[in-house]
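A.B. asks:
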Amino acid sequence: MKFEYTITTQNFTTAGEASSNTKKTLKLLGIDSKIIRRAAIMAYEAEMNIAIHSRGGKIQLEIEAHRITIVAEDQGPGIADIDLAMKEGYSTASHEIREMGFGAGMGLPNMKRCADSFDISSTPGGKTRVVMTLNL
Amino acid sequence: MELEKIIQVLDCQPLTQPLEGGKSFEKAFGSDLMSDVLAFIHDDETVLLTGLTNQQVIRTAEMIDLKLILFVRGKIPSEEIIGLAESNRITLLSTKASMFEAAGILFENGMRGIDQT
Ligand SMILES: Nc1ncnc2c1ncn2[C@@H]1O[C@H](COP(=O)(O)OP(=O)(O)OP(=O)(O)O)[C@@H](O)[C@H]1O
Ligand SMILES: [Mg+2]
Numbered sequence: 001m002k003f004e005y006t007i008t009t010q011n012f013t014t015a016g017e018a019s020s021n022t023k024k025t026l027k028l029l030g031i032d033s034k035i036i037r038r039a040a041i042m043a044y045e046a047e048m049n050i051a052i053h054s055r056g057g058k059i060q061l062e063i064e065a066h067r068i069t070i071v072a073e074d075q076g077p078g079i080a081d082i083d084l085a086m087k088e089g090y091s092t093a094s095h096e097i098r099e100m101g102f103g104a105g106m107g108l109p110n111m112k113r114c115a116d117s118f119d120i121s122s123t124p125g126g127k128t129r130v131v132m133t134l135n136l
Numbered sequence: 137m138e139l140e141k142i143i144q145v146l147d148c149q150p151l152t153q154p155l156e157g158g159k160s161f162e163k164a165f166g167s168d169l170m171s172d173v174l175a176f177i178h179d180d181e182t183v184l185l186t187g188l189t190n191q192q193v194i195r196t197a198e199m200i201d202l203k204l205i206l207f208v209r210g211k212i213p214s215e216e217i218i219g220l221a222e223s224n225r226i227t228l229l230s231t232k233a234s235m236f237e238a239a240g241i242l243f244e245n246g247m248r249g250i251d252q253t
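Here the protein sequences line up with chains A and H, keeping their order. The opening residue of the first sequence carries number 1 in the working numbering; numbering runs sequentially from there. The opening residue of the second sequence carries number 137 in the working numbering; numbering runs sequentially from there.
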């Protein structure tokens, strides 16, 4: 089963809807609540990163018998130093974004911690792609 | 602590309907950083204390099944945001107390912080 959600940049009214839908879908499928919680955190952090840091993108959710895969891909501007971006506490979020409750620099580490497999690829000026899986 | 007791000791204004009485909460976490909320709260019976009232606070709570959000410093979100909380069965309360005062009063009444694991 596959679902795809489009994430618009800087739209903080719709941001979170893709993750909300992801969560509802997994619940309907009767997936274990601990797995749903992890999937929801992964999807939400990825969705907010696209809305906050990118020019927009999409989130794909794939559910198979043995695993859930979440792919977040955006249209750039990419991440210059991935190792630095993965560090807890590192954030380039603006003052305005911090006032909305983001910019702790915990999103990517949260995703990695929740996922069974986590892979991030990005090129400066190019797109960022995060592929995460959860074993069922 | 029962919901009614929290409302009483902090002189809270309930913002959502219906008020699901009888619910009890043993732990609380205060933060205005949503990723910290997602990283540190492991138990959905935890109360979230925050001074932020935007849509993303409700979305964050929805993701980890939080049932009670307590807005400090008299903050009250818009009708739309209250509606989003209601549709997710999240109870919203508002107290005039500051984050520090609200936390202190709850602690005095037996509420504790989250497990630091
Ligand atoms: N999709 C993306 N496109 C471009 N840069 C990104 C993207 N995702 C993350 N980054 C960069 O990596 C940094 C760290 O991301 P992370 O999600 O860990 O923290 P944050 O979004 O800044 O804060 P938080 O997630 O705690 O609210 C960001 O500040 C940003 O510089
Ligand atoms: Mg982030």
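By construction, the Cβ of each residue, glycine as well, lies at the ideal position given by its N, Cα and C atoms. Predicted, not measured: the structure shown is a model, and the values here were computed from it.
Regarding Ser171 of chain H and ligand 2, is the C-beta to nearest heavy atom distance less than 7 Å?
C.D. replies: Within the second sequence, residue 171 of chain H is the residue found at index 35, counting from 1. The answer is yes for Ser171 of chain H.
A.B. asks: Along the alpha helix (DSSP H) that carries Asn135 of chain A, what are the first and last residues, could you check?
C.D. replies: Position 135 of the first sequence holds residue 135 of chain A. Unbroken run through Asn135 of chain A is the beta strand (DSSP E), 128–135; no alpha helix (DSSP H).
A.B. asks: Which residue or residues does DSSP assign as beta-bridge partners of Lys2 of chain A?
C.D. replies: Locating residue 2 of chain A in the first sequence gives position 2, where the first residue counts as 1. Lys2 of chain A is bridged to A:Glu62.
A.B. asks: Just to confirm my understanding: we take Leu151 of chain H, look at its own chain, exclude 5 residues before and 5 after, and list those with CB closer than 7 Å. What are they?
C.D. replies: The residue labelled residue 151 of chain H in the question sits at position 15 within the second sequence. Closer than 7 Å at the Cβ level, and outside the excluded window around Leu151 of chain H, lie Ile212, Ile218, Leu228, Leu229, Ser230.
A.B. asks: Under 8 Å Cβ to Cβ from Ile177 of chain H, same chain only, skipping five residues before and after it: list those, please.
C.D. replies: Numbered from 1 along the second sequence, position 41 holds the residue referred to as residue 177 of chain H. Once the five neighbours on either side are set aside, the close Cβ partners of Ile177 of chain H are Phe165, Leu184, Ile200, Leu202, Ile250.
A.B. asks: Could you tell me which whole alpha helix (DSSP H) segments of length 4 or greater appear in the region 72–127 of chain A?
C.D. replies: Here the runs fully enclosed are 82–85, 95–99, 107–114.
A.B. asks: Based on the DSSP secondary-structure assignment, which residues constitute the bridge partners of Ser214 of chain H?
C.D. replies: Numbered from 1 along the second sequence, position 78 holds the residue referred to as residue 214 of chain H. Beta-bridge pairing links Ser214 of chain H to no other residue.
A.B. asks: What's the gap between the Cα of Arg260 of chain H and the Cα of Met137 of chain H?
C.D. replies: In the structure as shown, chain H starts at 137 and stops at 253, and residue 260 of chain H therefore has no counterpart that could be examined.
A.B. asks: What does Asn110 of chain A reach in chain H if we use C-beta pairs closer than 8 Å?
C.D. replies: Within the first sequence, residue 110 of chain A is the residue found at index 110, counting from 1. What Asn110 of chain A touches in chain H: Ser171, Leu174, Ala175.
A.B. asks: Which value, in whole angstroms, describes the spacing of the CA atoms of Thr13 of chain A and Leu206 of chain H?
C.D. replies: Here residue 13 of chain A refers to the residue found at position 13 of the first sequence. Here residue 206 of chain H refers to the residue found at position 70 of the second sequence. Approximately 21 Å between the Cα atoms of the pair.
A.B. asks: Can you name the residues of chain A whose CB is closer than 8 Å to the CB of Glu140 of chain H?
C.D. replies: Taking the second sequence and counting its residues from 1, the one referred to as residue 140 of chain H is at position 4. Near Glu140 of chain H there are no residues of chain A at all, since even the closest Cβ is about 27 Å away, more than 8 Å.
A.B. asks: For Glu198 of chain H, is the classification buried or exposed, using 16 other Cβ atoms within 10 angstroms of its Cβ as the cut-off for buried?
C.D. replies: Sequence index remark: in the second sequence, residue 198 of chain H carries index 62 (1-based). Its Cβ being crowded by 16 or more others within 10 Å, Glu198 of chain H is buried.
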